[in-house]
Amino acid sequence: DTEVTQTPKHLVMGMTNKKSLKCEQHMGHRAMYWYKQKAKKPPELMFVYSYEKLSINESVPSRFSPECPNSSLLNLHLHALQPEDSALYLCASSHRGSNQPQHFGDGTRLSIL
Amino acid sequence: ILNVEQSPQSLHVQEGDSTNFTCSFPSSNFYALHWYRWETAKSPEALFVMTLNGDEKKKGRISATLNTKEGYSYLYIKGSQPEDSATYLCAFTGTASKLTFGTGTRLQVTL
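Those protein sequences? They're chains A and B, same order as listed.
Its first residue numbered 801, the first sequence is counted upward by one per residue in the working numbering.
Its first residue numbered 1263, the second sequence is counted upward by one per residue in the working numbering.
Structure, rendered in structure tokens:
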């Protein structure tokens, strides 16, 4: 069982909907990440939070809005998405530092109609 | 744009075979090299994080080496088992403190 919990596991939404992806960890990690993974491609970093503050935004369109309400929770708010945004969205967490392994959730499979 | 490449793209071996894969990455601004195993319908699992040139790490039948001067890492699996079937991803971290993943090696081990 993964120690990083993502909900929902699957999400189908229309282009005008607003929805949120949630990620939770209780390992005391102070760095949390969102990745996007398209079929047959490697995960691509979207956002990094460090001590609940956004530290990296990989030029992600504003229709994706991250939020880190506390040290255990990470949200990704979705609005006006496009069909090409359909992908697996992975959350990860780690202790701070590039030499720390990241712990991943199972992901949310998102489909945009 | 960082170029992290893995080869082969896919590999099919029989139970008991030993195998290895390659990850190549930029040799400049190196900070760490990660290896992850990603089984179908599960989450990626960290295998190793390597930081020093010449580093070797081992976890059971799986081991990895690192050459930061020439920009490559090898992952070895000794005596492959069906449960080793997964996609193996390497990921490079430079001074920007973020992971850039390779495209992965998909391993299938059959009886």
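Idealized CB from N, CA, C, for every residue including glycine.
HIS1296(B) has a beta carbon lying within less than 8 Å of a beta carbon in chain A. Per the DSSP secondary-structure output, VAL1266(B) pairs with nothing in a beta bridge. In the three-state scheme derived from DSSP, where H, G and I count as helix and E and B as strand, GLU824(A) is classed as strand. Residues of the stretch 850-862 of chain A that bring their beta carbon within less than 7 Å of a beta carbon in chain B comprise ILE856, in sequence order. In the three-state scheme derived from DSSP, where H, G and I count as helix and E and B as strand, PRO861(A) is classed as coil. Using beta-carbon distances, ASN870(A) does not count as an interface residue toward chain B, since no partner is under 8 Å. At a cut-off of 8 Å, the C-beta of GLN900(A) has a neighbouring C-beta in chain B.
If you draw a 10 Å sphere on the C-beta of ALA839(A), you find fewer than 16 other C-beta atoms in it, and that means exposed. In the DSSP assignment, SER1286(B) falls within the beta strand (DSSP E) that extends over 1281-1286. Taking a C-beta distance under 8 Å as the contact criterion, CYS1352(B) and TRP1297(B) qualify as a contact pair.
Residue pairing by DSSP leaves MET815(A) without any beta bridge partner.
At a Cβ-Cβ threshold of 8 Å, GLY1356(B) and LEU1264(B) count as neighbours. ALA1294(B): member of the beta strand (DSSP E) spanning 1292-1300, first to last residue. Annotation: the continuous beta strand (DSSP E) that includes ASN875(A) extends over 873-879. For ASN899(A), there is no enclosing beta strand (DSSP E), as DSSP marks it with neither H nor E. Going by beta carbons, HIS810(A) and ARG896(A) fall outside the 8 Å limit. Here THR1302(B) is exposed. Its C-beta has fewer than 16 other C-beta atoms within 10 Å. Judged by DSSP secondary structure, LEU890(A) falls within the beta strand (DSSP E) whose first and last residues are 887-894.
Sequence-ordered contacts of the stretch 1358-1370 of chain B with chain A read SER1359, LYS1360, LEU1361, PHE1363, GLY1364, THR1365 and GLY1366 [C-beta pairs closer than 7 Å]. Under DSSP, GLN1343(B) shares a beta bridge with no residue.
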